[in-house]
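Just so we're on the same page, this note's numbering is the position in the sequence shown counted from 1, plus 3. The structure appears below as structure tokens.
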Amino acid sequence: MDYNGKALLNPQYVVDGGSAVSPLKPVREGYTFIGWDKENYRISSPLKIQALYKEGIYLTCPVSFYVKITGNPSWQLLKTEYVPVGDDAHPPKLPVNAGYTFREWSGQITGIQTAQNVYAQYNKNTETEITYTVRFWCRGEVIKTEEVAIGGNATPPSVPGLKGYSFAGWDKSYVNINPGTRSMAVDITAQYQLTSGMQNAGSVSDLVNALMALGVPVAVKNGFSALGAAIINPFDGIILDVLAATALVGTIIYYWDDIKDLWSDIKVIFRNFAGMDAAGEILDNIEAGVDEGVDDNKDKELHDAMNNPIYKDLVDNIDCAEIAEDLLKIQKKGTIYNITAKDGGRLRVYEYGEVKSYIYHNVFSYKGLIYDPRYFVTPVLKDIYFANLKSINPNGINVYEIH
């Protein structure tokens, strides 16, 4: 854009790590154009680039700076500056070129009299090259692992299709891998969004109003409202399943007697909001959980026990094994799983919305549902629960049935 904020070109859409095309040199009365305020290479996020001027009319010479970047054997144009004759050029900040240390620029960068192409000169390092492990995630699973030298680019894999949704990109850039932290691993997750044309023009408030008009319990309405708010934004491919399995399945089981006669109408309302394909998969997950969960009074006792305040008392801090044993006393047909980290280290688990680490974790399961009151106040589909655990324990988990 120009000095006054006016666009010099229409917005450009650049692939992650690509370069933008610069417009022709702009003209400003009484000023001389000297370049741009930012480099336009290796773009990995939205970027505004503004023209720079020097007051007065000067004869200028272009000075172009070329560098090497990790993983790319070709010279990369980093910056072109239009330097008034006799002035000095201003070298750009150098990107990482793994395995090499910058020594000097090859050409003239002071007292510019003619056009210059200036190349970075490097010394090869003798120490071991720093690399990072880049993991690409999709729907709770690692679909590719790659070792990338510091400052290099990872190569993203193709992602599987998801009916009713389209791939929206990755949650962070796979370009210029250099997290600047002690962690030697970088996790990048695929994002999905409703396929164009599938998402209804209605808003979440329309969804909520329709459910209220139908007369569903407030808790059921709130569950669908949370789900509706989630699906209008890009997500990681498992969030919808998790919400359907947590915020809705348990609630619907609890209120099933109140809403079973309204269920067909509820499904129509939700399909009108989310589209047939997207809603179909979510509703299938909900109904699978309901089929597993709706049974007898023992099931209701289990659901009531999930809200036992003793289990949430951080002072007494009842052990997870005690909670599992308590729930087994209510429903003796259930199962207790013992879960540990596959690498022998500490297991990462979700508790009260935070990730914590323990030597092991015991949970109670019955009819395909996991009952873990510190994870969520309603039961969760077993497959979803274990997928979430795997997503935060990339080295894997061991699951043993101990009852």
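Heads up, the beta-carbon is just placed ideally off N, CA and C, and yes, glycines get one too.
Count the other CB atoms within 10 Å of the CB of residue i; is the residue buried (16 or more) or exposed (fewer)?
| i | result |
| --- | --- |
| W140 | buried |
| I93 | It should be pointed out that residue 93 corresponds to His in this sequence rather than to Ile. So H93 ends up on the exposed side. |
| N43 | buried |
| M215 | exposed |
| P182 | exposed |
| P98 | buried |
| K51 | exposed |
| A39 | Inspection of the sequence shows that residue 39 is occupied by Trp rather than by Ala. The residue is buried, with at least 16 neighbouring Cβ atoms inside 10 Å. |
| V366 | buried |
| G200 | With a pLDDT of 44 at G200, under the threshold of 50, the predicted position of this residue should be treated as unreliable, though the coordinate-derived value follows. Counting Cβ neighbours within 10 Å, G200 comes out exposed, since fewer than 16 surround it. |
| R45 | buried |
| K82 | buried |
| G8 | exposed |
| V352 | buried |
| Y378 | buried |
| G33 | exposed |
| E491 | No information on residue 491 is available, as it lies outside the stretch 4 to 406 that the chain covers here. |
| K96 | exposed |
| T63 | buried |
| V66 | buried |
| G231 | buried |
| K335 | exposed |
What residue range is occupied by the uninterrupted beta strand (DSSP E) comprising residue i?
| i | result |
| --- | --- |
| T136 | 134-141 |
| Y374 | 372-374 |
| A327 | It is not in any beta strand (DSSP E) - A327 instead sits in the alpha helix (DSSP H) that spans 323-333. |
| S109 | No beta strand (DSSP E) contains S109, which DSSP labels as neither H nor E. |
| T129 | Looking at the DSSP string, T129 is not in any beta strand (DSSP E), and its letter there is neither H nor E. |
| I37 | 34-39 |
| K359 | 357-361 |
| G172 | 168-173 |
| Y16 | Segment: none, Y16 is in no beta strand (DSSP E) and carries neither H nor E. |
| S368 | 364-369 |
Going by the beta-carbon positions, is the gap between residue i and residue j smaller than 9 Å?
| i | j | result |
| --- | --- | --- |
| V121 | V137 | no |
| G59 | A101 | no |
| G110 | Q116 | no |
| T343 | Y374 | no |
| A308 | P220 | no |
| G399 | S368 | no |
| G252 | L372 | Reading off the sequence shown, one finds Val at residue 252, where the question assumed Gly. Contact: yes. |
| T381 | T254 | yes |
| A277 | I289 | no |
| I405 | I339 | yes |
| K147 | P163 | no |
| Y69 | T35 | no |
| S169 | Q196 | yes |
| L350 | N396 | yes |
| V178 | Y135 | no |
| I262 | I269 | yes |
| G154 | I72 | yes |
| K28 | Y85 | yes |
For a test of the three-state rule: what should DSSP assign to residue i, helix, strand or coil?
| i | result |
| --- | --- |
| S25 | coil |
| S199 | Residue confidence is low: S199 scores 47 on pLDDT, short of 50, so the model does not pin down where it sits. Its coordinate-derived value is still stated next. Three-state DSSP puts S199 in coil, outside helix and strand. |
| R351 | strand |
| Y224 | Per the sequence shown, the amino acid found at residue 224 is Lys instead of Tyr. Note: K224 maps to helix in three-state DSSP. |
| A204 | Unreliable placement is indicated for A204, whose pLDDT of 43 sits below 50; no coordinate value is reported for it. |
| V219 | coil |
| F389 | helix |
| D190 | strand |
| N181 | coil |
| K9 | coil |
| S48 | coil |
| N212 | helix |
| Y314 | helix |
| I262 | helix |
| A118 | coil |
| A157 | coil |
| E290 | helix |
| E304 | helix |
| P397 | coil |
Between which two residues does the alpha helix (DSSP H) holding residue i run?
| i | result |
| --- | --- |
| I153 | From DSSP, I153 is part of no alpha helix (DSSP H); its letter is neither H nor E. |
| I342 | Unbroken run through I342 is the beta strand (DSSP E), 338-344; no alpha helix (DSSP H). |
| N275 | 266-277 |
| N401 | It is not in any alpha helix (DSSP H) - N401 instead sits in the beta strand (DSSP E) that spans 400-404. |
| I256 | 252-257 |
Could you tell me whether any Cβ in chain B is nearer than 9 Å to the Cβ of residue i?
| i | result |
| --- | --- |
| V380 | In the structure shown, chain B does not exist; there is a single protein chain. |
Whole beta strand (DSSP E) elements within the stretch 50-104, 3-residue minimum: 54-58, 63-72, 75-87
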